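Report on the structure given below.
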């Protein structure tokens with residue numbers, strides 16, 4: 024079994040001045056956008072999902088909220104966690120199951136931005152041998168990178184069958 028948590032560890036992040044935190048945030052957004060663009064190019068069938076996530080990462084209101092928190096003295100990491108966790112919870116509270124699944128996309132962007140802020144690779148290492156993946160939630164960016172020869176299936180602790188990760192994996196022939 025290959026395990027992955029939804030929120031990467033942010034221990035060891037050392038906040039700097041607001042000016043540096045702004046730059047870190049902007050660099051993280053650029054890195055995530057480049058990563059999502061590369062995934063969309065590699066899997067055109069999922070380009071719409073990835074482009075939508077890119078729009079979320081580069082959203083003006085999101086950037087404004089993060090910049091506001093950084094100005095108040097928060098780190099870029101804390102600002103991203105706070106804002107995107109709140110947005111995901113708001114979506115989770117909706118009655119429409121399809122719209123609730125969009126919270127997964129928000130959490131996916133949060134995960135990618137945190138990895139970028141922590142200077143960790145956005146693409147997860149392949150375990151190198153056949154196994155089942157155990158994830159808190161399967162997002163589209165992870166599903167797209169699954170190797171059909173090595174991934175025997177995915178067990179997702181949260182998320183439904185309407186989530187973009189589950190739909191993407193199943194379209195690739197990987198049971199979820």
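Residue numbers (the working numbering): 24 to 199. Just so you know, even glycine gets a beta-carbon here, dropped at the ideal spot from N, CA and C. Computed from a predicted model, the values in this text were never measured in an experiment.
Could you tell me if residue i is buried or exposed, where buried requires 16 or more neighbouring beta carbons within 10 angstroms of its beta carbon?
i	result
residue 96	exposed
residue 189	buried
residue 117	exposed
residue 119	exposed
residue 106	buried
residue 121	exposed
residue 83	exposed
Tell me the DSSP bridge mates of residue i?
i	result
residue 176	155
residue 25	156
Write down the C-beta distance between residue i and residue j rounded to the nearest angstrom, noting that I regard them as a contact closer than 8 Å.
i	j	result
residue 176	residue 127	Rounded, the Cβ-Cβ distance is 18 Å, inconsistent with contact.
residue 76	residue 131	6 Å
residue 123	residue 115	6 Å
residue 178	residue 155	6 Å
Beta carbon of residue i, beta carbon of residue j: below 8 Å?
i	j	result
residue 147	residue 99	no
residue 198	residue 173	no
residue 192	residue 68	no
residue 167	residue 66	yes
residue 56	residue 129	no
residue 63	residue 73	yes
residue 133	residue 103	yes
residue 54	residue 137	no
residue 33	residue 184	no
residue 41	residue 93	yes
residue 139	residue 51	yes
residue 161	residue 182	yes
residue 135	residue 111	no
Quick one: which unbroken alpha helix (DSSP H) runs of 4-plus residues sit fully inside the stretch 38-88? Chain order, please. Taking 4 residues as the shortest admissible run, the stretch 38-88 contains the following complete alpha helix (DSSP H) segments, listed from N- to C-terminal end: 41-65 and 70-80.
What are the uninterrupted segments assigned as beta strand (DSSP E) that are 3 or more residues long and contained completely in the stretch 89-133, given in chain order? Runs found: none.
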